[in-house]
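Accompanying notes for the structure given below.
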Amino acid sequence: MSADWPILSATIWLPIIGGLLVLMSGDKAPGVTRWAALWIAILTFLVSIPLYTGFDNSTAQMQFVENVPWIPMFEINYHLGVDGISMPLILLTTFITVLVIIAGWEVIQYKPSQYMAAFLIMEGVMVGVFSALDAMLFYVFWEAMLIPMFVIIGIWGGPRRVYATIKFFLYTFLGSVFMLVALIYMYFKSGSMGILAFHELRLDLTEQILIFIAFLLAFAVKVPMWPVHTWLPDAHVEAPTGGSVILAAIMLKIGGYGFLRFSLPITPDASQTLDWLIIGMSLIAVVYIGFVALVQQDMKKLIAYSSIAHMGFVTLGFFIVFMIFARTDVDSGAILGVQGGMVQMVSHGFISAAMFLCVGVLYDRLHSREISDYGGVVNVMPWFAAFMVFFAMANAGLPGTSGFVGEFMVILASYRADFWFAVLAATTLIVGAAYTLWMVKRVVFGEVTSEGVASLQDINAREALVLTSLAIAVLALGLWPAPLIEVMDASIGNLVQHIGVSKL
Amino acid sequence: MQYDLISLQPVMPEIFMLGAACLVLVVDLFLSPRTRMWTYGLTLITLVASIAITAWAAGPERQVLFDGSYVRDPVSDVLKIALLTINVFVMVYARDYLVQRGIYRGEFYTLALFATLGMMIMASAGNFLTVYLGLELLALSMYALVAFDRDSVKGSEAAMKYFVLGALASGLLLYGMSMLYGATGTLNLSAMSEVIAAGEAEETVLVFGLVFVVIGIAFKFGAVPFHMWVPDVYDGAPTAVTLFLGSAPKIAAFALAIRLLADGAGGLSVHWSDMLIILAVASLAIGNVVAIAQTNIKRMLAYSTISHVGFIFLGFVAADSRGYGAALFYTVVYALTAAGGFGLLTVISRKGFDAETLDDLKGLNDRSPWLAGMMLLILFSMAGVPPTVGFFAKLFVLDAVVQVDLVWLAVVAVFFSIIGAYYYLRAIKMMYFDKPTDEYPIVASVDSRLAISINGVAVLLLGIFPAGLLQVCRSAFGG
Chain A
22 MSADWPILSA
32 TIWLPIIGGL
42 LVLMSGDKAP
52 GVTRWAALWI
62 AILTFLVSIP
72 LYTGFDNSTA
82 QMQFVENVPW
92 IPMFEINYHL
102 GVDGISMPLI
112 LLTTFITVLV
122 IIAGWEVIQY
132 KPSQYMAAFL
142 IMEGVMVGVF
152 SALDAMLFYV
162 FWEAMLIPMF
172 VIIGIWGGPR
182 RVYATIKFFL
192 YTFLGSVFML
202 VALIYMYFKS
212 GSMGILAFHE
222 LRLDLTEQIL
232 IFIAFLLAFA
242 VKVPMWPVHT
252 WLPDAHVEAP
262 TGGSVILAAI
272 MLKIGGYGFL
282 RFSLPITPDA
292 SQTLDWLIIG
302 MSLIAVVYIG
312 FVALVQQDMK
322 KLIAYSSIAH
332 MGFVTLGFFI
342 VFMIFARTDV
352 DSGAILGVQG
362 GMVQMVSHGF
372 ISAAMFLCVG
382 VLYDRLHSRE
392 ISDYGGVVNV
402 MPWFAAFMVF
412 FAMANAGLPG
422 TSGFVGEFMV
432 ILASYRADFW
442 FAVLAATTLI
452 VGAAYTLWMV
462 KRVVFGEVTS
472 EGVASLQDIN
482 AREALVLTSL
492 AIAVLALGLW
502 PAPLIEVMDA
512 SIGNLVQHIG
522 VSKL
Chain B
18 MQYDLISLQP
28 VMPEIFMLGA
38 ACLVLVVDLF
48 LSPRTRMWTY
58 GLTLITLVAS
68 IAITAWAAGP
78 ERQVLFDGSY
88 VRDPVSDVLK
98 IALLTINVFV
108 MVYARDYLVQ
118 RGIYRGEFYT
128 LALFATLGMM
138 IMASAGNFLT
148 VYLGLELLAL
158 SMYALVAFDR
168 DSVKGSEAAM
178 KYFVLGALAS
188 GLLLYGMSML
198 YGATGTLNLS
208 AMSEVIAAGE
218 AEETVLVFGL
228 VFVVIGIAFK
238 FGAVPFHMWV
248 PDVYDGAPTA
258 VTLFLGSAPK
268 IAAFALAIRL
278 LADGAGGLSV
288 HWSDMLIILA
298 VASLAIGNVV
308 AIAQTNIKRM
318 LAYSTISHVG
328 FIFLGFVAAD
338 SRGYGAALFY
348 TVVYALTAAG
358 GFGLLTVISR
368 KGFDAETLDD
378 LKGLNDRSPW
388 LAGMMLLILF
398 SMAGVPPTVG
408 FFAKLFVLDA
418 VVQVDLVWLA
428 VVAVFFSIIG
438 AYYYLRAIKM
448 MYFDKPTDEY
458 PIVASVDSRL
468 AISINGVAVL
478 LLGIFPAGLL
488 QVCRSAFGG
């Protein structure tokens, strides 16, 4: 159904134009700049709320559709729309951006206008990625995301930021350009650039496999999947807190979204043929990367590896579908897997954002991320400790928090496919708890270990606001995930049904 | 023969340009260095008026004059307007640079106008002689311009290299043309294509001549393995001249290729298409890889030019109107970004200091955030990152290549453009992530700043709304 007024365009262009205005305003009055950026972010969030309230749960059709010719001679249209898969991710984006702007309030002193502008522009572009229904429009937004992130890490990042940001850019760019060739090839075969048209396009198995690999390169780097995950620890560690939050909370989800929107529906047979590859990579990510996280000394690096492990659950849930089809003819297990992956994406968005913000709180005070520099934080920062322990429990997958819901659904779905997959996936419940809680134990609990820690101030109102919002989100999603699942249900059901039908 | 105004209407742009160039030459003789603004002003007026006259004389039909030696068709209109517009930017950027270096002489403008005239003639060529006439007029003016700074040893060396190699390449081109003339019996390009289509010409001789013609074209573009002059000439010439050399003459080289290969030897496309594939892949590879090793920005941009030429050749490989339209779009966009890139170097240069090494870009975001922002847009456009227009230029070429079932070629092209992205990122890193090594404020006149702003913003706006320019390029080839 079409919108009465263009909500999606507003959600995309409001932050972009607002960001450009913030950029033009320069740094003569940083206080004004920050408030302007905050109001723009809040306004964008409010503008995006009707996407949820006006959403029709019963249909898998695209909603809030806008379709205007853009480059007619290539059938490229400015075609936007959301369904149950993209809508929650858009709301996640607009919500997290508000928190990121608040989080960067005091710590960013060098050219704050450019910092705020970069985040606002990136927000608009990311919403564009989620809502684009035209392949070239999607690709333009997908690549355009890289520019602000490159600048954010490079200007406001840590000591090795240049290495990290160039690695991030080139790695992601490498994956994406092969996706570009695949998209052009499909345009050549179908005569249309619409993603929905690609879903219906018939392709033979060789073509499907090549296109699947092209998409895999792009999305596996973004997610990131083992073994192309090595850019993430560097990027996360070197990025400023706000950059890490956006990277973890949103950008990784774009990779997962890509699998759902492109790989599965466009190349279902290739996905089926190569599902062992993805499942293998996902399980390695869950188990092996979990162990890698265990030995980290840098808190941010630990959370980065934990992100990779959690995203392994997401890709596992998405690709376990075919094995479930093969094993039983009840497809509710397949839906459960994909839903679990989606819920995990949204939940991980909140939890990883919160974890990075917690580390950011500590870093702002002591300028160190080394676990060994901390200890006994609970004695001087009790409120902060409460938040950090809560989010750590959520990260470990404690029932009652959102972290549990997604993981549980994926483990159940894996059990339907193969007992051992479920066992391997379930090891995350142990390993995840291990690395998260051990980090919390070393940092938060025990005796105060140094003078630096002894002088720490507890969180101020601004930081408390951010952490409380996330805590509410995590708890709400953990105790009552039904609103999210209901929204996604029709679209995921449609997707699973679509990929169950061979295109050959 | 009757020559009245109406029958000469198609060729009015060239007539006007010739008259204006001579006028500028004579007027400048009576000016002193303080009043040289008049020359500059007259040049700009000439260029703008030429754009207007070209637009007035433009139309959808093809007009042939002077016994087939002059052709005015939609392709020539688009090419002329594009190169005249780029030259306006170039003249604006060049003035400050020339003044600061004490080489602010009227000959620069005269030579530039004659070079522009040569480019316009190439765009409208109908037979081999006209092509060669325009080519040599452009080349001789450029040789003199490269040597413009008499006191520069590097400049003299660069001019010598350019002259010798250019003369050699022109000789090879003439040899190829003579072979084609011998095989087909005509100098006229459209008559030649008819003879080839009718199958009346000896194919071995045709292909033999074609090889030399392709060599001549490849040299003009700066494609591998005829690229050795590019880094040395770009580096040795004064930055204002490099700016001129690196932008509009690419459009002229495109005109050369279109007239000779598409109009004349279109029937032989199966042969020259394969040759261009080899040249394109080699240019993409060498241009991108060697650029990484450069510390001098002008040399880095020179090697990046070579890689862009590889992409333009890919558009030709498709050998249909879609491919030519994509190659034209790429050439125009590239000329615009090259003008902006080199133009920025002239803007941040000042008396006694040439912005040449990558270190000179350091901390530009601190010194002037706006200029750094414009350069960011230009560099990302060269790298082919959306939402700048450089991405669409690459997209259209890749599409043309995929449409003729050469998907492997598209994969190779994007692979090398990833390698290419690295040195553009490095330059952006210098501007944004490093502290400035040069503490002087940037002195640049209002018109230069305005020009670079328009340049940078155009790169972004064309990237968001590319349909208009693409339509113009496509319809020039009847697509």
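Protein chains in written order, with this note's numbering: chain A, 22 to 525; chain B, 18 to 496. No residue lacks a Cβ here, since even glycine has one placed at the ideal position from N, Cα and C.
Around the beta carbon of Arg-51/B, fewer than 16 other beta carbons lie within 10 angstroms, which makes this residue exposed. For Asn-98/A and Leu-204/A, the gap between their C-alpha atoms comes out near 14 angstroms. Pairing Ile-275/A with Met-143/A, the inter-Cα distance amounts to about 13 angstroms. Between Met-136/B and the set Thr-354/B, Tyr-251/B, Ser-264/B and Phe-47/B, the nearest pair of CA atoms involves Ser-264/B.
Only residues of its own chain outside the window of five on either side were considered, and among them Val-43, Leu-44, Ser-46, Gly-47, Asp-48 and Thr-54 have a CB closer than 7 angstroms to the CB of Ser-134/A, listed in chain order.
About 7 angstroms separates the Cβ atoms of Leu-491/A and Leu-120/A, confirming a contact at the 8 angstroms cut-off.
Annotation: Gly-75/A to Asp-104/A spans about 12 angstroms, alpha carbon to alpha carbon. Annotation: Asn-144/B is outside any alpha helix (DSSP H) and is labelled neither H nor E by DSSP.
None of the residues of the stretch 398-427 of chain A has a beta carbon lying less than 9 angstroms from any beta carbon of chain B.
Pairwise C-beta distances place the stretch 173-187 of chain A out of contact with the stretch 207-216 of chain A, as fewer than three of them are shorter than 8 angstroms. By the neighbour-count criterion, in which 16 or more other beta carbons inside 10 Å mark a residue as buried, Trp-252/A falls on the buried side. Around Trp-91/A, the beta-carbon contacts reaching into chain B at under 7 angstroms are Ala-484.
Within the stretch 144-171 of chain A, contact with chain B at the beta-carbon level (separation under 9 angstroms) is assigned to Val-146, Met-157, Tyr-160, Val-161, Phe-162, Trp-163, Glu-164, Ala-165, Leu-167, Ile-168 and Phe-171. Pairwise C-beta distances place the stretch 357-371 of chain A in contact with the stretch 414-431 of chain A, as three or more of them are shorter than 8 angstroms. In the structure shown, the three-state DSSP call for Glu-468/A is coil.
Annotation: Cβ neighbours of Ala-427/B in chain A (cutoff 9 angstroms, chain order): Leu-201, Val-202, Ile-205 and Tyr-206. When Ile-392/A, Ser-435/A and Met-376/A are compared, the shortest CA-CA separation from Ile-341/A is found for Ser-435/A.
Along the stretch 75-109 of chain A, the positions whose C-beta sits under 9 angstroms from a C-beta of chain B are Pro-90, Trp-91, Ile-92, Pro-93, Met-94, Phe-95 and Ile-97, read in chain order. With respect to chain B, the C-beta atom of Val-249/A has no partner C-beta closer than 8 angstroms. Between Tyr-149/B and the set Ile-103/B, Ala-389/B and Ser-86/B, the nearest pair of CA atoms involves Ser-86/B. When C-alpha distances from Ala-215/B are compared across Gln-311/B, Asn-205/B and Thr-201/B, the shortest belongs to Thr-201/B. A distance below 8 angstroms separates the beta carbons of Leu-155/B and Ala-269/B.
As a beta-bridge residue in DSSP terms, Leu-82/B pairs with Tyr-87/B. One alpha carbon belongs to Glu-456/B, the other to Pro-245/A, and they sit about 42 angstroms apart. In this structure Ser-328/A touches Leu-273/A by the C-beta definition: roughly 6 angstroms separates them, less than 8 angstroms. Counting C-beta pairs with one atom in each stretch, the stretch 382-398 of chain B and the stretch 146-157 of chain A have fewer than three that are closer than 8 angstroms, which means they do not touch. In terms of Cβ geometry, Gly-263/A and Phe-140/A form a close pair [threshold 8 angstroms]. Any Cβ of chain B closer than 8 angstroms to the Cβ of Ile-176/A would place that residue at the interface, and such an atom is present. Judged by beta-carbon spacing, Met-196/B lies beyond the 8 angstroms limit of Phe-236/B, meaning their Cβ atoms are not closer than that value. If you check the CB distance, Gly-253/B and Lys-171/B come in under 8 angstroms. Boundaries for His-388/A: no beta strand (DSSP E) harbours it, and the DSSP string shows neither H nor E there. The DSSP-derived three-state label of Asp-168/B is coil. Annotation for Ser-107/A: Phe-151, Ser-152, Tyr-278 and Arg-282 place their beta carbon closer than 8 angstroms to its own, counting only its chain and skipping 5 residues before and after. Rounded to whole angstroms, Val-107/B and Leu-162/B show a C-alpha spacing of 13 angstroms. Residue range 84-92 is occupied by the beta strand (DSSP E) that includes Glu-87/A.
Within the model, the alpha-carbon separation for Thr-60/B versus Leu-467/B is close to 18 angstroms.
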